[in-house]
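Enquirer: The listed protein sequences derive, respectively, from chains A and B.
Here the first sequence is numbered in this note's numbering, starting from 31 and rising by one per residue.
Here the second sequence is numbered in this note's numbering, starting from 31 and rising by one per residue.
Ideal placement from N, C-alpha and C gives every residue a C-beta, glycine not left out.
Treat the numbers as computed from the prediction; the structure is a model and nothing was measured.
2 protein chains.
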Amino acid sequence: MSRDFPERDWRLLRELKPIALDRLCQRTLGEVQALCADAGKTNHQRYLALWDMIRERDDELAGAFDDLRRSTAVWRLTAMRQLGVLTDDEFGRFSEEVRDSVLTAIEILGAARGGRSKRSKKE
Amino acid sequence: MSRDFPERDWRLLRELKPIALDRLCQRTLGEVQALCADAGKTNHQRYLALWDMIRERDDELAGAFDDLRRSTAVWRLTAMRQLGVLTDDEFGRFSEEVRDSVLTAIEILGAARGGRSKRSKKE
Numbered sequence: 031m032s033r034d035f036p037e038r039d040w041r042l043l044r045e046l047k048p049i050a051l052d053r054l055c056q057r058t059l060g061e062v063q064a065l066c067a068d069a070g071k072t073n074h075q076r077y078l079a080l081w082d083m084i085r086e087r088d089d090e091l092a093g094a095f096d097d098l099r100r101s102t103a104v105w106r107l108t109a110m111r112q113l114g115v116l117t118d119d120e121f122g123r124f125s126e127e128v129r130d131s132v133l134t135a136i137e138i139l140g141a142a143r144g145g146r147s148k149r150s151k152k153e
Numbered sequence: 031m032s033r034d035f036p037e038r039d040w041r042l043l044r045e046l047k048p049i050a051l052d053r054l055c056q057r058t059l060g061e062v063q064a065l066c067a068d069a070g071k072t073n074h075q076r077y078l079a080l081w082d083m084i085r086e087r088d089d090e091l092a093g094a095f096d097d098l099r100r101s102t103a104v105w106r107l108t109a110m111r112q113l114g115v116l117t118d119d120e121f122g123r124f125s126e127e128v129r130d131s132v133l134t135a136i137e138i139l140g141a142a143r144g145g146r147s148k149r150s151k152k153e
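1) Let me know if A:Leu-139 comes out buried or exposed under the rule of 16 or more other beta-carbons within 10 Å of its beta-carbon.
2) Whose C-beta lies closer than 7 Å to the C-beta of A:Asp-68 among residues of the same chain, with five residues either side of it excluded?
3) Just to confirm before moving on: does the CB-CB distance between B:Arg-106 and B:Ala-94 stay below 7 Å?
4) Suppose only complete runs of 4+ residues qualify. What are the alpha helix (DSSP H) ranges in the stretch 34-74 of chain A, listed by chain order?
5) Within its chain, find whatever has a CB closer than 7 Å to the CB of A:Leu-91; leave out the 5 residues flanking it on each side and keep chain order.
6) Apart from the five residues on each side of it in sequence, which residues of its chain come closer than 6 Å, Cβ to Cβ, to A:Phe-35?
7) Compare the C-beta of A:Val-62 against all C-beta atoms of chain B and say whether one is closer than 7 Å.
8) Does A:Lys-152 get closer than 7 Å to chain B when you measure Cβ to Cβ?
9) For B:Gly-122, I'd like the list of residues in its chain whose CB is within less than 8 Å of its CB, leaving aside the five on either flank, ordered along the chain.
10) Quick one: which chain A residues come within Cβ less than 7 Å of B:Leu-51?
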């Protein structure tokens with residue numbers, strides 16, 4: 031891709047950011063609720079697991095949503111796509127140039143969520 | 031109270047620590063679940079509120095349970111009592127000397143949980 035993130039894609043990314051962010055938060059809250067209800071752990075074990083999980087999720091959230099600028103747009107979009115918080119339809123609205131960059135980055139950085147055998151440094 | 035935390039009280043504190051810790055974690059998990067289900071907030075607002083809450087609770091937990099030694103015992107017991115994670119019956123099992131120290135400390139540091147008008151530096 032050329033150096034500049036295209037204006038049309040940039041507007042689209044800013045439009046989709048709050049939707050994707052809400053989706054990630056919704057998923058995290060669901061995971062938190064499941065963990066709180068995990069009968070296989072003591073309350074203290076659940077609490078510790080909650081801390082580990084929420085710290086890991088916050089790293090993911092920061093990597094996809096913090097400091098969104100045109101110069102970081104491909105990184106952020108790649109992270110959003112990798113986290114699975116953009117639908118195929120939404121991703122399909124980006125230009126072919128941007129999509130190619132993101133898909134190539136994902137190929138290099140690792141498979142999209144669901145296809146990853148290892149998800150973080152902690153695993 | 032004399033300089034040394036009495037042996038009998040020290041054994042009792044170590045016996046009650048895991049019970050009080052479990053109680054604090056249980057209460058925190060309940061608060062987390064209520065927050066996750068708060069329909070008055072967006073998913074992102076809930077997520078941010080979750081972060082704030084869990085950080086605050088972790089400070090409380092550390093103040094009451096981390097680094098438990100005889101030299102920190104009155105501090106830790108005071109924090110546990112202030113957090114309301116020891117019942118009156120459990121607290122009543124400590125020697126009068128220890129109880130007096132704790133109650134005096136609570137009087138100086140602020141009312142027990144429930145009686146506090148302000149709970150932390152964040153409020």
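Expert: So, from the data block:
1) exposed
2) Arg-76
3) yes
4) 37-66
5) Leu-54
6) Hits under 6 Å: Arg-100, Ala-103.
7) yes
8) Low per-residue confidence applies at A:Lys-152: pLDDT is 37, beneath 50, and the placement is therefore not dependable enough to give any value.
9) Taken in chain order, the residues that qualify are Arg-129.
10) His-74
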